[in-house]
Amino acid sequence: MTPSPSTTTAIQLHVVHYNSETYANLSQAQHQADGLAVLGILIEAGDTPNPAYDNILRHLDSVQHAGQSVSIPAFDVGELLPQRLGHFYRYNGSLTTPPCLQSVLWTIFHQRVRISSAQLQQLQQTLFSTEPGSPHPQPLLDNFREPQALNDRLVLASFPVGPTGYSTGEIIAIVFGVLVGCLGVGLAAHFVAKRIRTKRRREQDVVFKSSSKRVTVG
Ligand SMILES: *[C@@H]1O[C@H](CO)[C@@H](O)[C@H](O)[C@H]1NC(C)=O
Ligand SMILES: *[C@@H]1O[C@H](CO)[C@@H](O)[C@H](O)[C@H]1NC(C)=O
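Each residue of the sequence shown is one higher than the one before, counting from 1 in UniProt numbering.
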């Protein structure tokens with residue numbers, strides 16, 4: 001579903017939008033061919049902390065376990081994206097977690113974003129795929145979805161001068177998923193940010209939850 005990750009890509013961030021012009025909410029939109037648009041951001045670990053990511057990371061403790069969510073203050077999601085937005089891949093694909101509906105127009109940025117190793121560790125060590133109170137807590141590991149068959153779809157690569165920011169529909173979720181963990185460790189956080197239309201003031205009810213779904217189907 002994504003271009004082959006390089007070995008330096010530790011996690012992937014998904015910024016999920018739904019088509020708010022046509023559909024009432026995510027639940028409704030995800031079943032429609034023109035329902036969702038997702039930005040995929042490949043992330044690698046380096047030495048320098050990326051302060052923008054603390055907008056999410058500081059809330060991890062509230063969503064350690066499956067099914068948990070928390071409201072967090074709105075922030076500029078654009079700061080989570082790479083600088084060079086004009087270089088991206090685009091294709092029609094599906095959700096990376098069950099029910100894996102084929103309703104996503106994917107945009108994967110070519111340029112990677114960096115966070116610090118400490119920030120990566122925070123993600124890797126905080127989250128569990130199990131419910132709160134489980135007698136056998138399971139760390140959230142390797143929850144990436146395997147690449148799927150192309151099935152005659154086109155994957156477009158686009159490198160002209162691109163947009164200066166995201167602009168489509170409403171941002172409703174940010175999902176972290178591990179592509180390749182250098183140590184074989186992974187994580188997923190599911191971040192739900194809700195915005196009224198771009199022209200309006202942003203809503204303050206941003207919801208953040210862990211995404212504990214493991215992918216077992218193709
Ligand atoms: C989504 O919208 C549909 C149609 O208006 C409604 O029936 C449904 O309850 C809504 N779901 C959520 C989760 O808000
Ligand atoms: C995705 O599917 C829509 C609807 O069939 C089509 O108009 C669009 O060109 C497709 N996009 C890509 C990148 O293939």
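We put the beta carbon where it would ideally sit given N, CA and C, even for glycine.
Residue range of the unbroken alpha helix (DSSP H) whose run includes residue i
i     : result
Ala29 : 26-29
Leu57 : 54-57
Distance between beta carbons of residue j and residue i, contact taken as under 8 Å
i           : j      : result
residue 250 : Glu21  : Nothing about residue 250 can be reported from this structure: the residues present for the chain run from 1 to 218 only.
Arg112      : Pro147 : So it is not a contact: roughly 18 Å between Cβ atoms.
Arg145      : Tyr91  : No, Arg145 and Tyr91 are not in contact; Cβ-Cβ is about 14 Å, not under 8 Å.
Leu42       : Thr9   : 5 Å
Leu36       : Val104 : 5 Å
Leu60       : Gln121 : Leu60 to Gln121, Cβ: 11 Å. No contact.
Leu127      : Leu140 : 4 Å
Leu85       : Gln30  : The pair is not a contact, with the Cβ atoms about 25 Å apart (cut-off 8 Å).
Phe109      : His87  : 7 Å
Ala66       : Ser129 : 6 Å
Residue i, enclosing beta strand (DSSP E) - first and last residue
i     : result
Ala66 : Premise fails: Ala66 is in no beta strand (DSSP E) and is neither H nor E.
Leu42 : 36-46
Residue i - DSSP class collapsed to helix/strand/coil
i      : result
Tyr91  : strand
Pro157 : Just to set this straight, residue 157 is Ala in the shown sequence, not Pro. Three-state result, Ala157: strand.
Leu140 : coil
Leu13  : strand
Phe191 : For Phe191, the predicted model reports a pLDDT of 29, less than 50, meaning its position is unreliable and no value from the coordinates is stated.
Val185 : Low confidence applies to Val185: its pLDDT is 25, below 50, so where it sits in the model is not reliable, and the reading given next is rough at best. Three-state DSSP puts Val185 in coil, outside helix and strand.
Chain C within 8 Å of residue i, Cβ atoms only
i      : result
Ala149 : Absence of chain C from the displayed structure is noted, only one protein chain being present.
Distance cut-off 7 Å: residue i Cβ against heavy atoms of ligand 4
i      : result
Asn151 : Questions concerning ligand 4 fall outside what the structure shown contains, since the ligands it does hold are ligand 1 and ligand 2.
| query | Taking any heavy atom of ligand 1 as the mark, which residues have a C-beta closer than 7 Å to it, listed down the chain? | reply | Ala24, Asn25, Ser27, Gln28
| query | At what residue ranges does the region 80-127 contain a whole run of the alpha helix (DSSP H), taking only runs of 4 or more? | reply | 117-126
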